[in-house]
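Undergrad:
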Amino acid sequence: MKGVPLRIEIGPRDLANNQVRAVRRDNGEKTDISRVFLVEQVKGMLEKIQQNLFDVAKQKRDACIEVVKTWDEFIKALGQKKLILAPWCDEEEVEKDVKARTKGEMGAAKSLCTPFEQPELPEGT
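So, in structure tokens, the structure goes:
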């Protein structure tokens, strides 16, 4: 079931045994839970699912980030459609120049989501 983080199944045997089966969407793990402990176990499972989904998404995002220091590295990473973390002087004219120089087959690069903590600007750039 798409969009449902935790599926609760209740069949005739489950009713007879006073339990339910919980199936996690993120890893497919099945767990039989006593109905007495259902609320607390489901709460714990949802917290674990949330953390797991967050960790997986963060790993995927981080795998797409390329840290560059030179123009050649920048162009290579842009061609690979990476998220580029590059030193930035925060000058509007430089941003316009970068957009103009990268316009074309790759699409113009633009600065987005400028991090609060940036890599140091190398000497001579």
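Using full-length UniProt numbering, you'd call the opening residue of the sequence shown number 1 and step up by one each time. Note that CB positions come from ideal geometry on N, CA and C, so glycine has one too.
#1: How is Asp62 classed by DSSP in three states: helix, strand or coil?
#2: I'd like to confirm the pairing. Which residues does DSSP put opposite Ile8 in its beta bridges?
#3: Using the DSSP secondary-structure output, state which residues sit across from Ser34 in a beta bridge.
#4: Alpha carbon to alpha carbon, how far is Arg7 from Pro122? Give it in angstroms, no decimals.
#5: Do Leu46 and Val20 have their beta-carbon atoms positioned less than 8 Å apart in this structure?
TA: The relevant details are as follows:
#1: Shown here, Asp62 sits in a helix according to DSSP, grouped into three states.
#2: Answer is Ala22, bridged to Ile8.
#3: Paired residue(s): Gln19.
#4: The alpha-carbon of Pro122 is positioned some 52 Å away from that of Arg7.
#5: In this structure, Val20 sits away from Leu46, with a CB-CB distance that is not shorter than 8 Å.
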